[in-house]
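Trainee:
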Amino acid sequence: TVGAVALDAHGHLAAATSTGGYTAKPPGRVGDSPIIGAGTWADDRTCAMSGTGKGELFIRVAAGHDLHARLLYAGQTLEHAAQDLIHRTLQGVGAGLCAVDRHGNVVLPYNTEGMYRGFITADTLHVAIHED
Amino acid sequence: MPTPVLAIHGGCGAIPRASLTPETNAAARDALRRALQAGYALLQDGASAVDAVTAAVQVMEDDPVFNAGTGAALNRDGVHELDASLMDGATGRAGAVAGARRIRNPVQVARALAGVSDPLLLIGDAADAWAEAHGFAPVPNTHFTTRARQDALRAMLERETLGTTARATEFEKHG
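Chains as they are written, first to last, in this note's numbering: chain A, 5 to 136; chain B, 120 to 294.
This is the structure:
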């Protein structure tokens, strides 16, 4: 699965996700990636997110909307909300995400051995795979 | 005026550190950089976040390193079924496709669907047909196939026979 989130110069957010699912999946199986509110979410009031991992779990917890709701209704920071989602709500299942909030804060949490990831700003380009 | 930011992931099924060859490591990092640069160049020119995420994801769809587009996983029948979505935070509009088999860049079609907003999500043949009707040239399903994904499918089906599916690596499952 691949995904991207962005904050543009006009203050708008967007998210996109694309995937082949998993190897030997049953024909017709749909994961979280195309389910708005599960694997993909964007709302200018809060954040944009794209998920990767065990899609069925992302769907069951409405992961994308959960992240949004934590910021909008509970006043959590993106960092706190995303870490809690990946390391507590989705604990025990392979999961990760990239997200950016309306202030431009970026998080890339995951609970597997590694996640292909990166971010770019006006003065920084960072890519990583494992804890490096 | 906010400072533009772009972040990406290429999947959390990363190759274990011990199995990561220098060549694969370099290819993955290069692809990630290209995806970031493609999206950020648009943001620097004043383009929308929607433009940026579409461009970044398209670069990764076209790179066989990742499990999306070219290099996507195979289902148990040996067929690629592709899912993608896009959401615009400014308007709340979204578009998505699921189980598409002939769309070269599913994220582009998801974006086009977000532009019309109804339908929002199309599946299978309907997604392929809508894409073709809206100017997206179809590709054969084999366009997405790589040797690595064929090997992974063979390994996973063998694990099912042997009852060792639970021990499959993230790489075997997700590429």
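Ideal placement from N, C-alpha and C gives every residue a C-beta, glycine not left out.
Interface residues of chain B around L112/A at Cβ under 7 Å?
Mentor: Start at 1 with the first residue of the first sequence, and residue 112/A comes out as number 108. Going along chain B in sequence order, the residues near L112/A (Cβ under 7 Å) are A126 and H128.
Trainee: Kindly list, in the order they appear in chain A, the residues whose Cβ is closer than 7 Å to that of A209/B.
Mentor: As a first step, residue 209/B is located in the second sequence; it is residue number 90 there, counting from the start. What A209/B touches in chain A: H16 and D48.
Trainee: Considering only their Cβ atoms, is the gap separating P38/A from A229/B smaller than 9 Å?
Mentor: Sequence index remark: in the second sequence, residue 229/B carries index 110 (1-based). Sequence index remark: in the first sequence, residue 38/A carries index 34 (1-based). Yes, these two residues count as a Cβ contact at 9 Å.
Trainee: Determine the direct distance from the alpha carbon of C51/A to that of G211/B, and round the result to whole angstroms.
Mentor: Counted from its first residue, the second sequence places residue 211/B at position 92. Counted from its first residue, the first sequence places residue 51/A at position 47. Their Cα atoms are separated by approximately 12 Å.
Trainee: Which residues in the same chain have their Cβ closer than 7 Å to the Cβ of W249/B, if we skip the five residues on either side of it in sequence?
Mentor: On the second sequence, residue 249/B is found 130 positions in, with the first residue counted as 1. Excluding positions up to five away in sequence, the list reads L241.
Trainee: What residue does the alpha helix (DSSP H) around A233/B start on, and which one ends it?
Mentor: Position 114 of the second sequence, counting from 1, holds the residue named residue 233/B. Element bounds for A233/B: P225 to V235.
Trainee: Does G282/B get closer than 9 Å to chain A when you measure Cβ to Cβ?
Mentor: Taking the second sequence and counting its residues from 1, the one referred to as residue 282/B is at position 163. It does not: the Cβ of G282/B has no partner Cβ on chain A nearer than 9 Å.
Trainee: Does the CB of G96/A have a neighbour CB from chain B at under 9 Å?
Mentor: Counted from its first residue, the first sequence places residue 96/A at position 92. Closer than 9 Å: no.
Trainee: Taking all protein chains shown into account, decide if S22/A is buried (16 or more other Cβ within 10 angstroms of its Cβ) or exposed.
Mentor: The residue labelled residue 22/A in the question sits at position 18 within the first sequence. So S22/A counts as buried.
Trainee: In the DSSP assignment, the alpha helix (DSSP H) including I63/A goes from what residue to what residue?
Mentor: Numbered from 1 along the first sequence, position 59 holds the residue referred to as residue 63/A. Taken as a continuous stretch (DSSP letters only), the alpha helix (DSSP H) holding I63/A covers G59 to R64.
Trainee: Below 6 Å CB to CB, which residues in the same chain sit around F62/A once its five sequence neighbours on both sides are set aside?
Mentor: By 1-based counting over the first sequence, the position of residue 62/A is 58. Correct list, in chain order: D36, A42, G43 and G55.
Trainee: Is the CB-CB distance between A187/B and E180/B below 9 Å?
Mentor: Numbered from 1 along the second sequence, position 68 holds the residue referred to as residue 187/B. Numbered from 1 along the second sequence, position 61 holds the residue referred to as residue 180/B. In contact: A187/B and E180/B (Cβ atoms closer than 9 Å).
Trainee: For M119/A and C131/B, I'd like the C-alpha separation in whole angstroms.
Mentor: Looking up residue 119/A in the first sequence gives position 115. Looking up residue 131/B in the second sequence gives position 12. In a straight line, the C-alpha of M119/A is about 4 Å away from that of C131/B.
Trainee: Tell me, to the nearest whole angstrom, how far the beta carbon of P135/B is from that of T288/B; I am working on the premise that it is less than 8 Å.
Mentor: Start at 1 with the first residue of the second sequence, and residue 135/B comes out as number 16. Start at 1 with the first residue of the second sequence, and residue 288/B comes out as number 169. P135/B to T288/B, Cβ: 7 Å. Contact.
Trainee: Strictly under 9 Å for the Cβ-Cβ distance: is R337/B near chain A by that measure?
Mentor: With chain B covering only 120 through 294, there is no way to say anything about residue 337/B.
Trainee: Examine chain A for any beta-carbon lying closer than 9 Å to the beta-carbon of H319/B, and answer yes or no.
Mentor: Since the first and last residues shown for chain B are 120 and 294, residue 319/B lies out of range.
Trainee: Using a beta-carbon distance below 9 Å, is F255/B in contact with chain D?
Mentor: Any reference to chain D falls outside this structure, whose protein chains are A and B.
Trainee: Label S138/B either buried or exposed according to how many other C-beta atoms from any shown protein chain fall within 10 Å of its C-beta, with 16 as the threshold for buried.
Mentor: By 1-based counting over the second sequence, the position of residue 138/B is 19. With a threshold of 16 other beta carbon atoms within 10 Å, S138/B falls short and is exposed.
Trainee: If you reduce the DSSP assignment to three classes, tell me which class Y26/A lands in.
Mentor: The sequence position of residue 26/A within the first sequence is 22, counting from 1. DSSP places Y26/A in coil when its eight states are reduced to three.
Trainee: How far does the beta strand (DSSP E) with V9/A in it reach, from first residue to last?
Mentor: Working through the first sequence from its first residue, we reach residue 9/A at position 5. Run containing V9/A: V6 to L11, per the beta strand (DSSP E) assignment.
Trainee: Does the region 220-237 of chain B come within contact of the region 274-287 of chain B, defined as at least 3 CB pairs closer than 8 Å?
Mentor: no
Trainee: On a Cα-Cα basis, can you pick out the residue from F123/A, A103/A, V131/A and E135/A that is closest to Y159/B?
Mentor: Taking the second sequence and counting its residues from 1, one reaches residue 159/B at position 40. It is F123/A.
Trainee: Please identify the residue among I90/A, Y114/A and Q87/A whose C-alpha is closest to the C-alpha of E135/A.
Mentor: As a position in the first sequence, residue 135/A is number 131, starting the count at 1. The shortest Cα separation from E135/A among I90/A, Y114/A and Q87/A belongs to Y114/A.
Trainee: So the candidates are A231/B, D202/B and A209/B; which of them puts its Cα closest to the Cα of G218/B?
Mentor: For the purposes of this step, residue 218/B is identified with residue 99 of the second sequence, where counting begins at 1. Residue D202/B is the option with its Cα nearest to G218/B.
Trainee: So V9/A contacts chain B; which residues on that side make the cut at Cβ distance below 7 Å?
Mentor: In the first sequence, residue 9/A corresponds to position 5, counting from 1. Those within 7 Å of V9/A in chain B are A126 and V172.
Trainee: Tell me whether D270/B sits in a helix, a strand or coil according to DSSP, three-state version.
Mentor: Sequence index remark: in the second sequence, residue 270/B carries index 151 (1-based). Looking at D270/B - three-state DSSP - the assignment turns out to be helix.
Trainee: May I ask whether a heavy atom of the ligand FAD can be found less than 8 Å away from the beta carbon of A19/A?
Mentor: Inclusion of the ligand FAD in the displayed structure is not the case, the ligand content being empty and no account of it being possible.
Trainee: Between the alpha carbons of P121/B and C102/A, how many angstroms are there, rounded?
Mentor: Residue numbering aside, residue 121/B sits at position 2 when the second sequence is read from its first letter. Residue numbering aside, residue 102/A sits at position 98 when the first sequence is read from its first letter. Their backbone Cα atoms lie some 19 Å apart in a straight line.
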